[in-house]
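Participant:
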Amino acid sequence: MAFRFRPVDASFYDLFAESAQHLVVGAGLLAEMLADGTDREAVAQRMREAEHAADETTHAIVRRVNSTFVTPFDREDIYNLASGLDDVMDMMDEAVDLILLYEVGQLPAELSNQVEVLQRCAELTSAAMPRLQAMKDLDEYWIEINRLENTGDKSFRQILASLFSGTYEAIEVLKLKDIVESLEGAIDAFEKVANIVEQIAVKES
Amino acid sequence: MAFRFRPVDASFYDLFAESAQHLVVGAGLLAEMLADGTDREAVAQRMREAEHAADETTHAIVRRVNSTFVTPFDREDIYNLASGLDDVMDMMDEAVDLILLYEVGQLPAELSNQVEVLQRCAELTSAAMPRLQAMKDLDEYWIEINRLENTGDKSFRQILASLFSGTYEAIEVLKLKDIVESLEGAIDAFEKVANIVEQIAVKES
Amino acid sequence: MAFRFRPVDASFYDLFAESAQHLVVGAGLLAEMLADGTDREAVAQRMREAEHAADETTHAIVRRVNSTFVTPFDREDIYNLASGLDDVMDMMDEAVDLILLYEVGQLPAELSNQVEVLQRCAELTSAAMPRLQAMKDLDEYWIEINRLENTGDKSFRQILASLFSGTYEAIEVLKLKDIVESLEGAIDAFEKVANIVEQIAVKES
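Sequence order for the protein chains is Z, B and D. With my numbering applied, the first sequence closes on residue 205, and no number is skipped along the way. With my numbering applied, the second sequence closes on residue 205, and no number is skipped along the way. With my numbering applied, the third sequence closes on residue 205, and no number is skipped along the way.
1) Are any of the Cβ atoms in chain D nearer than 8 Å to that of Z/V180?
2) What's the gap between the Cα of B/K154 and the Cα of B/A161?
3) Please classify B/E191: is it buried, with 16 or more other beta-carbons within 10 angstroms of its beta-carbon, or exposed?
4) Among the candidates B/M91, B/E172, B/L124, whose CA atom is the shortest distance from the CA of B/L268?
5) Measure from the C-beta of Z/L163 to each C-beta in chain B and report whether the shortest distance is under 8 Å.
6) Give the straight-line distance between the Cα atoms of Z/L15 and Z/M129, rounded to the nearest whole angstrom.
7) Output the distance between the C-alpha atoms of D/N80 and D/F73, rounded to the nearest integer angstrom.
8) Looking at chain C, which residues of the segment 45 to 66 of chain Z have a Cβ within less than 8 Å of any of its Cβ atoms?
9) Is Z/T58 near Z/S19, with beta carbons less than 8 Å apart?
10) If we call anything under 8 Å between Cβ atoms a contact, is D/L101 one with Z/R157?
11) Taking three-plus beta-carbon pairs below 8 Å as touching, is the segment 29 to 46 of chain B in contact with the segment 129 to 142 of chain B?
12) Are the C-beta atoms of B/R4 and some chain D residue less than 8 Å apart?
13) Hey, quick one: how far does the alpha helix (DSSP H) through Z/A44 stretch, first residue to last?
14) Hey, quick one: how far does the alpha helix (DSSP H) through D/M129 stretch, first residue to last?
15) Starting from B/V193, trace the alpha helix (DSSP H) both ways and give me its first and last residue.
16) Closest to D/V70 by C-alpha separation, out of D/R120, D/L34, D/F12, D/G28, would be which residue?
17) Is the beta carbon of D/A194 sitting closer than 8 Å to the one on D/I159?
18) Could you confirm whether any beta carbon from chain Z is found closer than 8 Å to the beta carbon of D/K192?
19) Quick one: give me the first and last residue of the alpha helix (DSSP H) that B/T151 is part of.
20) Between the alpha carbons of B/A186 and Z/E169, how many angstroms are there, rounded?
21) Determine the DSSP secondary structure at B/G28, reduced to helix, strand or coil.
22) Please classify B/V104: does DSSP put it in a helix, a strand, or coil?
23) Could you check which residue in D/V96, D/T151, D/L23 has the C-alpha nearest to that of D/M89?
24) With a threshold of 8 Å on Cβ separation, who are the neighbours of Z/F164 within its own chain once the five nearest residues in sequence on each side are excluded?
25) Is B/T38 buried or exposed, if buried means 16 or more other CB atoms sit within 10 Å of its CB?
26) Show which residues of chain D have a CB atom less than 9 Å away from the CB atom of Z/L174.
27) Please name the residue in B/A189, B/N113, B/A122 whose C-alpha comes closest to that of B/A27.
28) Using CA atoms only, rank isn't needed, just tell me which of Z/I61, Z/L132, Z/S126, Z/D97 is closest to Z/S182.
29) Does any residue of chain B have a CB that is nearer than 8 Å to the CB of D/A24?
30) In the segment 84 to 107 of chain Z, which residues sit with their C-beta less than 8 Å from some C-beta in chain B, listed in chain order?
31) Determine the direct distance from the alpha carbon of Z/L111 to that of B/H52, and round the result to whole angstroms.
32) Quick one: which residues of the segment 133 to 159 of chain B get their C-beta closer than 8 Å to a C-beta of chain Z? List them in chain order.
33) In whole angstroms, what is the alpha-carbon distance linking B/K203 and B/S126?
34) Mapping the DSSP letters down to three states, classify D/V70 as helix, strand or coil.
35) Would you mind sorting D/G84 into buried or exposed? The rule is 16 or more other CB atoms within 10 Å of its CB.
36) Go ahead and label B/Q199 buried or exposed: buried means 16 or more other beta carbons lie within 10 angstroms of its beta carbon, across all protein chains shown.
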């Protein structure tokens with residue numbers, strides 16, 4: 001709603017910060033979705049709203065790229081960064097959606113490891129966006145995201161191994177595998193964003 | 001076969017129209033594949049032929065991009081549009097192929113909702129391609145495709161929920177999930193084509 | 001390790017040859033992984049090392065693109081080729097990883113058909129890279145890769161059909177399907193590399 005009143009001179013940096021801020025909200029909703037006794041339907045509804053808000057920000061960036069003569073860095077890179085951030089949101093939204101849709105009873109506790117990684121990635125990404133303007137102190141951001149992605153990858157593999165260890169029914173494995181894969185996909189999408197930022201920084205330096 | 005005799009001066013617009021026309025054929029074959037008592041082997045064979053014909057058109061576009069000095073819009077965009085159209089065909093071909101390969105007995109009736117969406121998308125895309133030349137009246141096309149994609153997404157989610165509702169054996173879920181995912185992938189691929197057209201129209205306007 | 005001592009004037013061609021050489025090593029390890037009575041843990045460890053070495057080469061290419069004023073062909077194409085080669089390695093690494101992780105007992109014999117295709121693709125790609133310099137005799141390379149990809153596709157479909165033929169438990173199907181899909185993904189990634197090389201050759205000719 002508030003986005004309707006976005007000032008016409010909001011810079012690309014503001015819009016990227018806004019986009020990353022949606023990811024902080026989304027990762028928080030994902031954590032809520034995993035909590036015991038949560039109203040999943042309600043959380044999923046808020047997630048859908050957050051996803052729509054993120055879409056609006058992405059469209060605002062694309063419109064601005066198309067209507068601005070001088071851009072702070074390559075149009076292509078702006079577009080890549082915007083859609084990279086949007087992809088993270090889509091993956092987190094998918095994870096929430098699958099948890100609701102598949103009516104999974106008890107979620108394995110290990111999933112929270114992946115969601116913690118996602119929350120940390122969202123915070124780091126959100127903190128890094130404003131630093132794009134000065135193109136400074138960005139390397140610690142992408143190094144840390146890469147480290148987190150490695151941690152997430154280890155969790156992902158452990159969860160997969162445990163899913164196939166024989167304690168779960170095939171149909172349950174199918175459901176949970178889809179969910180952990182979409183969480184892993186969201187973490188990978190954060191890494192992709194960090195790679196895009198690195199590319200931009202290297203070019204501009 | 002007819003493609004051998006393509007006149008050397010067939011324009012990019014003609015080739016895009018030809019490419020989209022293959023999708024109308026493909027979506028029709030998909031509908032036939034779902035019909036009761038159909039000869040699946042025969043339909044799959046015709047689908048393979050349609051897919052090869054679509055490949056030829058895609059190659060013709062790429063060859064033309066590489067050999068033409070002045071193109072109606074960015075080379076990159078022509079290439080994206082051509083491969084976007086080709087991706088739709090590949091996904092529809094995959095769906096047909098999986099239905100044959102997995103020897104699924106009775107297909108759930110809900111699949112026809114997805115295929116109807118695909119047929120409508122193919123017709124709209126085919127009707128929109130000739131309008132690229134004047135870059136006019138394209139917005140109704142991409143708006144309608146986006147609306148259809150939303151409808152398709154709802155069908156997809158309903159089918160997934162029903163697959164996991166407990167009425168299907170795990171092995172049957174595995175098969176059907178692959179099939180409905182490839183149908184959903186084809187619908188998404190149509191939306192991607194519409195997004196590419198939107199991008200081109202915005203740039204050129 | 002040796003990569004630390006890479007001479008500063010190693011050309012792009014040398015780096016691409018090095019990158020493809022990692023794929024020959026990777027495909028060989030994949031073949032070892034399938035052998036009866038192999039120490040899977042040890043092979044997977046060597047695969048991880050090969051994958052890291054491949055990453056280093058990819059980074060070396062990207063660094064060089066970013067620091068070189070004149071490149072032998074489009075920066076974009078160099079980047080695409082480098083990441084295309086890297087993608088093959090990632091897919092082969094994933095296949096090895098899943099075999100270890102899922103603790104699959106006996107692997108179906110048909111998997112070796114896919115791995116043979118991968119070994120052949122790796123050799124052909126490795127032999128083709130040095131020919132990039134003269135841009136000569138590359139068409140036999142990409143034609144053969146396309147032919148191999150077709151063969152691989154037929155194997156893939158046969159394996160899928162046999163997985164779903166009723167002899168395997170659902171949970172086993174899930175595991176094996178992931179593995180054969182990652183092998184198929186690696187073959188597709190080789191085809192993508194060949195397509196990129198074809199694009200480059202067409203442009204430069």
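Note that beta-carbon positions come from the ideal geometry of N, C-alpha and C, so glycine has one too. Just so you know, these numbers come straight off a predicted model, no measurement behind them.
Facilitator: The answer reads as follows:
1) Taking the first residue of the first sequence as position 1, residue 180 of chain Z is located at position 180. So no, Z/V180 is outside the interface.
2) Against the second sequence, residue 154 of chain B aligns to sequence position 154. Against the second sequence, residue 161 of chain B aligns to sequence position 161. Each residue's Cα considered, the two are about 11 Å apart.
3) Position 191 of the second sequence, counted from the first residue, corresponds to residue 191 of chain B. Per the 10 Å Cβ criterion, buried.
4) Here chain B has residues from 1 to 205 only, and residue 268 of chain B is not among them.
5) As a first step, residue 163 of chain Z must be located in the first sequence, where it is residue number 163. Chain B, which has no Cβ nearer than 8 Å to the Cβ of Z/L163, makes this no.
6) Here residue 15 of chain Z refers to the residue found at position 15 of the first sequence. Here residue 129 of chain Z refers to the residue found at position 129 of the first sequence. The alpha-carbon atoms of Z/L15 and Z/M129 are separated by roughly 9 Å.
7) The residue given as residue 80 of chain D occupies position 80 in the third sequence. The residue given as residue 73 of chain D occupies position 73 in the third sequence. Using only the alpha carbons, I get a separation of about 11 Å.
8) Here the protein chains are Z, B and D, and chain C is not one of them.
9) Here residue 58 of chain Z corresponds to residue number 58 of the first sequence, with the count starting at 1. Here residue 19 of chain Z corresponds to residue number 19 of the first sequence, with the count starting at 1. The answer is yes: Cβ separation under 8 Å.
10) Taking the third sequence and counting its residues from 1, the one referred to as residue 101 of chain D is at position 101. Taking the first sequence and counting its residues from 1, the one referred to as residue 157 of chain Z is at position 157. For D/L101 and Z/R157, yes; Cβs fall inside 8 Å.
11) no
12) Sequence index remark: in the second sequence, residue 4 of chain B carries index 4 (1-based). Its pLDDT being 45, under 50, B/R4 is placed unreliably by the model, and the measurement read from it follows with that caveat. No, its Cβ sits nowhere closer than 8 Å to a Cβ of chain D.
13) As a working mapping, residue 44 of chain Z is identified with position 44 in the first sequence. Taken as a continuous stretch (DSSP letters only), the alpha helix (DSSP H) holding Z/A44 covers 40 to 67.
14) By one-based count along the third sequence, residue 129 of chain D stands at place 129. Counting along the chain, D/M129 falls outside any alpha helix (DSSP H), and DSSP gives it neither H nor E.
15) Here residue 193 of chain B is taken as the residue at index 193 of the second sequence, counted from 1. That run of the alpha helix (DSSP H) goes 170 to 204.
16) Translated into the one-based positions of the third sequence, residue 70 of chain D becomes position 70. Minimum Cα distance to D/V70 is reached at D/F12.
17) Translated into the one-based positions of the third sequence, residue 194 of chain D becomes position 194. Translated into the one-based positions of the third sequence, residue 159 of chain D becomes position 159. Taking 8 Å as the Cβ cut-off, D/A194 and D/I159 do not qualify as a contacting pair.
18) Here residue 192 of chain D refers to the residue found at position 192 when the third sequence is read from its first residue. D/K192 does not count as touching chain Z.
19) Here the question's residue 151 of chain B lines up with position 151 in the second sequence. Per DSSP, B/T151 belongs to the alpha helix (DSSP H) from 139 to 163.
20) The residue labelled residue 186 of chain B in the question sits at position 186 within the second sequence. The residue labelled residue 169 of chain Z in the question sits at position 169 within the first sequence. Between B/A186 and Z/E169, the C-alpha separation is close to 31 Å.
21) Numbered from its first residue, the second sequence carries residue 28 of chain B at position 28. In the structure shown, B/G28 sits in a helix (DSSP, three-state: H, G or I).
22) Reading the second sequence from its first residue, position 104 is the one you call residue 104 of chain B. Coil at B/V104, not helix or strand.
23) The residue labelled residue 89 of chain D in the question sits at position 89 within the third sequence. Per the Cα distances, D/L23.
24) As a working note, residue 164 of chain Z is residue 164 in the first sequence. So the list reads V173, once near-sequence residues are dropped.
25) In the second sequence, counting from the first residue as 1, residue 38 of chain B sits at position 38. Counting Cβ neighbours within 10 Å, B/T38 comes out exposed, since fewer than 16 surround it.
26) One-based indexing of the first sequence puts residue 174 of chain Z at position 174. Residues of chain D passing the Cβ test: A170, L174.
27) Taking the first residue of the second sequence as position 1, residue 27 of chain B is located at position 27. Comparing Cα positions, the closest option is B/A122.
28) Here residue 182 of chain Z refers to the residue found at position 182 of the first sequence. When each option's Cα is compared against that of Z/S182, the closest is Z/D97.
29) Taking the first residue of the third sequence as 1, we reach residue 24 of chain D at position 24. According to the sequence provided, residue 24 of chain D is Val. The question's Ala does not apply to it. By this cut-off, D/V24 is not an interface position.
30) D97, L101, Y102, E103
31) Taking the second sequence and counting its residues from 1, one reaches residue 52 of chain B at position 52. Taking the first sequence and counting its residues from 1, one reaches residue 111 of chain Z at position 111. Using only the alpha carbons, I get a separation of about 44 Å.
32) R157
33) By 1-based counting over the second sequence, the position of residue 203 of chain B is 203. By 1-based counting over the second sequence, the position of residue 126 of chain B is 126. Computed Cα separation, rounded: 21 Å.
34) Locating residue 70 of chain D in the third sequence gives position 70, counting from the first residue. Coil.
35) Along the third sequence, read from residue 1 onward, the residue named residue 84 of chain D stands at position 84. So D/G84 ends up on the buried side.
36) As a working note, residue 199 of chain B is residue 199 in the second sequence. With 16 or more Cβ atoms within 10 Å of its Cβ, B/Q199 is classed as buried.
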